[in-house]
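Please read the structure below before turning to the comments.
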Amino acid sequence: METDWYKLDSAGKLYASTVSSRVSTVFRLSVSMYKSVNAVFLQEALEETLEEISSFKVIVKRGVFWYYFEKTATIPTVSEEHFYPCSNLFFRGRNTFPYRVLYYNKKISLELSHMLTDGTGGIEFLKLLVRNYLKREGVNLPCIRKKLNGFNFDNAFFQHYEKQVPNWQDTLDKAYKLPLRLDKRGVYHVTTGKLEIQVLKNIAKQYQTSITTYLLALYAEILIDIQAQNSKTRKPITINVPVNLRNFFETNTLKNFFVSVPVTIDPRLGTYTFEDIIETISIELKRYLNDKQLKTLIARGVRGERNFLLRSMPLFVKDWISPMVHARFGENLYTSSISNLGVISLDDDLEKHVERFEFYPPPSIGNKIKAGVISYKDDMYITFGNLSNDRLVERTFFRKLVKEGVQIKIETNRSAY
Numbered sequence: 000m001e002t003d004w005y006k007l008d009s010a011g012k013l014y015a016s017t018v019s020s021r022v023s024t025v026f027r028l029s030v031s032m033y034k035s036v037n038a039v040f041l042q043e044a045l046e047e048t049l050e051e052i053s054s055f056k057v058i059v060k061r062g063v064f065w066y067y068f069e070k071t072a073t074i075p076t077v078s079e080e081h082f083y084p085c086s087n088l089f090f091r092g093r094n095t096f097p098y099r100v101l102y103y104n105k106k107i108s109l110e111l112s113h114m115l116t117d118g119t120g121g122i123e124f125l126k127l128l129v130r131n132y133l134k135r136e137g138v139n140l141p142c143i144r145k146k147l148n149g150f151n152f153d154n155a156f157f158q159h160y161e162k163q164v165p166n167w168q169d170t171l172d173k174a175y176k177l178p179l180r181l182d183k184r185g186v187y188h189v190t191t192g193k194l195e196i197q198v199l200k201n202i203a204k205q206y207q208t209s210i211t212t213y214l215l216a217l218y219a220e221i222l223i224d225i226q227a228q229n230s231k232t233r234k235p236i237t238i239n240v241p242v243n244l245r246n247f248f249e250t251n252t253l254k255n256f257f258v259s260v261p262v263t264i265d266p267r268l269g270t271y272t273f274e275d276i277i278e279t280i281s282i283e284l285k286r287y288l289n290d291k292q293l294k295t296l297i298a299r300g301v302r303g304e305r306n307f308l309l310r311s312m313p314l315f316v317k318d319w320i321s322p323m324v325h326a327r328f329g330e331n332l333y334t335s336s337i338s339n340l341g342v343i344s345l346d347d348d349l350e351k352h353v354e355r356f357e358f359y360p361p362p363s364i365g366n367k368i369k370a371g372v373i374s375y376k377d378d379m380y381i382t383f384g385n386l387s388n389d390r391l392v393e394r395t396f397f398r399k400l401v402k403e404g405v406q407i408k409i410e411t412n413r414s415a416y
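So the sequence shown is residues 0 to 416, counted in numbering that gives the first Met the number 0.
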C-alpha cells in the first residue's frame with residue numbers, strides 16, 4: 000500500500016540534522032545546451048519529470064524523532080540564476096523542497112540536498128528533465144517508460160546490510176586543515192577546468208596508474224606542500240573519496256547509496272616523492288574498493304542509525320548534537336574531498352543536443368575546499384568549490400596539469416582568477 004510519506008535514507012538523516020548556513024548539503028548538477036533555455040518549457044518539463052519520478056515530488060517535514068519527506072501536489076518554480084551556487088535549501092520548521100531548478104542562458108542547473116539523493120540519483124533526474132525539455136522544443140525522442148519503471152526509492156543501505164559483518168574498524172587521526180579564512184556567508188567560489196580525457200589518461204599511463212589515482216596524488220602533493228610551507232607541525236593529509244556503492248552492489252535506488260573512503264598520506268612518516276604518493280593511494284584504494292570492505296562501512300552506518308539511544312532522542316536534540324558528531328567523527332578527519340561522478344552517457348538522440356555537464360560539490364565549513372569531477376563525451380570537468388577567497392589550491396592544481404602538458408580552459412565565478 001502506497002503511503003504519502005517517505006523515510007530519509009541512512010545518509011539523508013545525518014545530512015538533515017547538520018544543515019546550516021555554512022553547511023548547505025546542496026550539490027549542483029548542470030547541463031549546458033546549444034540554445035538558450037526557454038523558462039516556460041523548463042517549467043513544463045519539471046512538472047512532467049516529477050510525475051514520472053514521483054519520489055522527488057516531496058517536501059521536508061519535521062517529525063518527533065526524525066525528518067521525513069511528505070508527498071506534495073505543489074511544484075517548485077524554476078527560476079533564473081542570480082546568486083552563488085549550492086546555497087541553503089532547507090530552513091528548519093518550514094515545508095521546503097529538497098531541490099531547486101535554475102537556468103541561465105544555455106545552462107540548466109539542478110541543485111539537490113543530500114537529504115534526498117546522491118550524484119547518481121541526481122544525474123538520472125537531470126537526464127529525464129533534459130529529455131522532457133527537448134520534447135517541448137520539438138525534438139522527437141523515444142519513450143523510456145520501461146527504464147523509468149526500473150527505478151525505486153528503497154533504502155539500499157538496509158538492503159545490503161548484513162548482521163554478521165563487523166563495523167569498519169579503521170581509526171583516523173585528525174587531519175591537516177588548510178589555513179583558509181571563510182568568506183562572507185552565502186559566498187561560494189567555484190572554478191572549473193575543462194580538459195581532454197585522453198590527454199589526462201596518457202599522462203596517468205606514464206605513471207602506470209588510473210586517472211582517479213593520478214588526480215588524487217596530484218591533489219595530495221599540493222596539500223602536503225601547503226602544510227610544509229605554513230605549519231611547523233605535521234598532520235596526515237586525508238582526502239575523502241565518495242564511492243558509488245551501485246558499482247559493487249545491485250540496486251536501482253534513486254536515494255543516497257554511497258560511502259566515504261579515506262585516502263591518507265602521512266608526512267610524519269617522512270618525505271614522499273610523487274611516485275610514492277601514487278603507490279600509497281593505489282594501495283589504499285585497492286584495500287577499500289571491494290564488496291567485503293565496503294560492507295563494513297555500510298554496517299557502521301546502519302548500526303549507528305539503529306542505535307537505541309540515537310533513535311530515542313527527540314529531533315531537537317539530534318539537531319543540536321549531530322553537527323558536533325559529524326565534525327568530530329567526520330570532517331575533522333579529512334583535509335579535503337574529491338568526488339568523481341565518472342563518465343556521463345546519453346542516448347544518441349539526446350547527446351547531440353547537450354554540450355556539457357558540470358558537478359559542483361556541496362560546501363562545508365569542515366572542508367572549506369572540495370573538488371567535483373564529471374566527464375562527458377571527450378572532456379573532463381574538474382570543479383573546485385571554495386568557501387574562502389583564497390585561490391592557491393585551485394591555481395596550483397591546474398598549473399601542475401598544464402606543466403604536464405594538459406591544455407585547460409578555466410571558468411570561474413570569481414571576479415578575477
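Even for Gly, the Cβ is constructed at its ideal location relative to N, Cα and C.
These numbers were taken from a predicted model, which means no experiment stands behind them.
Taking the Cα of residue 231 as reference, the smallest distance to any Cα among 267, 242, 199 is reached at 267.
Here the alpha carbons of residue 347 and residue 193 stand approximately 22 Å from one another.
Taking C-alpha positions only, residue 358 is separated from residue 120 by approximately 13 Å. The count of Cβ pairs closer than 8 Å, one atom from the segment 203-220 and one from the segment 276-284, reaches three, so the stretches are in contact. In the structure shown, residue 248 falls within a coil segment according to DSSP collapsed to helix, strand and coil.
37 is the residue among 37, 245, 155, 86 whose C-alpha sits nearest the C-alpha of residue 137.
With a cut-off of 8 Å on Cβ pairs, the segment 29-36 is in contact with the segment 105-114, counting three or more such pairs. In chain order, 339, 381 place their CB closer than 6 Å to the CB of residue 372, counting only its own chain and leaving out the 5 sequence neighbours on each side.
Note: residue 182 is not bridge-paired with any residue in the DSSP secondary-structure output.
As the crow flies, the alpha-carbon of residue 58 is around 18 Å from that of residue 151. In this structure, DSSP gives residue 101 an extended state, which the three-state scheme calls strand. Apart from sequence neighbours up to five positions away, the residues of its chain that approach residue 391 with a beta-carbon distance below 8 Å are 225, ordered along the chain.
Secondary structure at residue 66: strand, using DSSP grouped into helix, strand and coil.
Assigned with DSSP and collapsed to three states, residue 132 falls in helix. An exposed status is given to residue 171, since fewer than 16 other beta-carbon atoms sit within 10 Å of its beta-carbon.
Bounds of any alpha helix (DSSP H) do not take in residue 36, whose DSSP letter is neither H nor E. Each residue's CA atom was taken as its position, placing residue 186 and residue 162 some 44 Å apart. In the DSSP assignment, residue 384 falls within the unbroken beta strand (DSSP E) covering 378-385. As for any beta strand (DSSP E) of minimum length 3 sitting wholly inside the segment 39-64, the runs are 57-61, ordered along the chain. Where residue 395 is concerned, there is no enclosing beta strand (DSSP E), although the alpha helix (DSSP H) around it starts and stops at 391-402. Annotation: residue 155 to residue 255 spans about 8 Å, alpha carbon to alpha carbon. The C-beta separation of residue 361 from residue 21 comes to about 11 Å, leaving the pair out of contact by the 8 Å criterion.
Between the segment 289-306 and the segment 41-58 there are fewer than three inter-stretch CB-CB distances shorter than 8 Å, so the stretches are not counted as touching.
Going by C-alpha positions, residue 263 is about 28 Å away from residue 112.
Distance from the Cα of residue 388 is smallest, within the candidate group 414, 126, 370, for 414.
Residue 350 and residue 335 have their C-alpha atoms spaced approximately 33 Å apart.
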